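Note that numbering that gives the first Met the number 0 has the sequence shown beginning at 0, numbered continuously upward.
Beta carbons are placed, not taken as given, at the ideal position from N, Cα and C, and that holds for glycine.
As the structure is a computational prediction, the values presented were derived from the model and not from experiment.
Structure record follows, encoded as structure tokens.
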Amino acid sequence: MKKQQLENRLIEPWVEEELLRMEEGSEEDVFYVPDYIVQYAEEVLTHYPFSVKSMTVVTTKSDKGGAIWRLETSDGPKSLKLLHRRPTRSLFSLGAQEYLVNVQKANVPPIVKTKDGANYLVAGGKCWFVAEWIEPLMPVTKDLEGAKHLCYALGEFHRLSKGYVPPEGAERPTRLFKWEKSFKKVVEKMDWFRNIANAYKEMPASSLLLSVVDQFEEQARKGLAELQQSRYYDLTKLGNEFWGLVHQDYGWSNGQMGADGMWIIDLDGVAYDIPIRDLRKLITGTMSDLFTWDITWIREMIQAYHKANPISREVYDLLMIDLAMPNEFYKNIKEVVYEPELFLNEETAALINTIVETDKTKWPALEELWKDREKFEPMNIEQLMKDLNIQDDVVVKSAVQMKQTALNAPQMETAQTTESKESKKKKDDGKKDKKDKKNNDKDKGKKSKDKKDNKSGKGKDKKKEKEGKKKK
0 MKKQQLENRL IEPWVEEELL RMEEGSEEDV FYVPDYIVQY AEEVLTHYPF SVKSMTVVTT
60 KSDKGGAIWR LETSDGPKSL KLLHRRPTRS LFSLGAQEYL VNVQKANVPP IVKTKDGANY
120 LVAGGKCWFV AEWIEPLMPV TKDLEGAKHL CYALGEFHRL SKGYVPPEGA ERPTRLFKWE
180 KSFKKVVEKM DWFRNIANAY KEMPASSLLL SVVDQFEEQA RKGLAELQQS RYYDLTKLGN
240 EFWGLVHQDY GWSNGQMGAD GMWIIDLDGV AYDIPIRDLR KLITGTMSDL FTWDITWIRE
300 MIQAYHKANP ISREVYDLLM IDLAMPNEFY KNIKEVVYEP ELFLNEETAA LINTIVETDK
360 TKWPALEELW KDREKFEPMN IEQLMKDLNI QDDVVVKSAV QMKQTALNAP QMETAQTTES
420 KESKKKKDDG KKDKKDKKNN DKDKGKKSKD KKDNKSGKGK DKKKEKEGKK KK
């Protein structure tokens, strides 16, 4: 995959600048992008074989340093994307997009090449690329038929992504081997929630949180035990390329209807995994929007997906185990570890009540769904391993090993001026101040749990989780 390199200072998140402008009442732009980044965008576009008539910011990730522009050009509408991830990580997703379009003929926006035939450029230490702007695209209706369209398109995407091998120099992000670690993290965080609620008992949501955290912790423990007893570990032996990619951010906005069927957009975060996790997230989120677990909706969503990408019995088991985890409770309450004195308010108390009431409807639905298990054909994992020439005693790389592989991947050079170094130093100093404040807050909440929390590596996990937190 060809790329071009531009010389410029490193691009950094601009969320603080954006918040300051909002406080000052600036109404110049709905989506603000710093001038120096706009200048880089204009420079990037000079490398493409079209003239730009207009460019409009359509979304930003100011907390991470990403943006998307819609372009009106002499060659029709395009999109320009500034990817906030490391170039080696972005190279993985760009390779996937090219594979899906050129090899699998999937309904994914094609990448537009530069004048020199490159798929992307590196500017400011980040990847930039141009893709076709697909028109018309419309969100599907927020009803059962719309949900079925989404699920079928998701299954098709997963099926077509199988066999993808990233280009040389790219990271190989995978969550294939991380399910157990992820489940354990949910279990551990329940104790954090309990400790924080005890430390801030005077807050409106604390007593309610304390009254329900035990039941959700038990759900998480049971889910972890069921995962450990499932065939998950055998499934991971089939490897990344066998399973293909998860989108990781799939939903009503990233799967849209075009003139020739469903299109899937925004592939920036794709990674290897057992792809059923995408379907679980879509089902869980949809049931949350409905405020009830509707068995008809869930069955139809699963069947729509199954038509496009057949589900085996072993994978169906994983779907059921994952659905039974306290996903919505964890997703909505985990922010409490950052600013409990602000988070544990009346609004959060109302949210907890809604989650608890919705959760009551989940268990009868899951009981019915388990009855469908026999409808799904079992896999012959042993035969598949022989076909793929995988030894039964294969050593699957751990999450740590996968991370080390990424760190050892060839890195792309980026020019860093004195100005950008000084900016980075200021940013690091600011992070240190925030870290000191968080440590003080953490001391209030952990009390007698100091020793246990230190052993669990709480500080490191919290920092990683904050970096991955989505902008609200």
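Looking at the DSSP output, residue 78 sits in a beta bridge with 69, 130. Collapsing the DSSP output to three states places residue 264 in coil. Straight-line spacing of the CA atoms in residue 186 and residue 99 works out to 37 Å. When the alpha-carbon of residue 78 is set against those of 44, 387, 151, the nearest one is in 44.
Counting along the chain, the unbroken alpha helix (DSSP H) around residue 89 starts and ends at 86-97. In the structure shown, residue 122 falls within a strand segment according to DSSP collapsed to helix, strand and coil.
Straight-line spacing of the CA atoms in residue 146 and residue 390 works out to 40 Å.
Distance from the Cα of residue 281 is smallest, within the candidate group 256, 246, 47, for 246. When rounded, the separation of the alpha-carbon atoms in residue 95 and residue 275 is 18 Å.
Pairing residue 384 with residue 313 gives a Cβ-Cβ distance that is not under 7 Å. Residue 254 is positioned such that its CB atom lies no closer than 7 Å to that of residue 136. Annotation for residue 192: 208, 212, 332, 335 place their beta carbon closer than 7 Å to its own, counting only its chain and skipping 5 residues before and after. The beta carbon of residue 380 is closer than 8 Å to those of 230, 233, 234, 236, 237, 313 in its chain, skipping five residues each way along the sequence. Our two residues, residue 319 and residue 279, have alpha carbons roughly 9 Å apart in a direct line. Beyond the five residues adjoining it in sequence on each side, residue 76 comes within less than 7 Å, by CB distance, of 69, 70, 132, 134 in the same chain, given in chain order. It is roughly 27 Å from the alpha-carbon of residue 355 to the alpha-carbon of residue 144. Secondary structure at residue 384: helix, using DSSP grouped into helix, strand and coil.
Bridge pairing for residue 271: 173, 244 [DSSP].
Around the beta-carbon of residue 362, fewer than 16 other beta-carbon atoms lie within 10 Å, marking it exposed. One thing to note: residue 375 has its Cβ no nearer than 7 Å to the Cβ of residue 273. For residue 386, the closest C-alpha among the options 82, 241, 140, 163 is that of 241. Taken through DSSP and simplified to helix, strand or coil, residue 10 comes out as coil.
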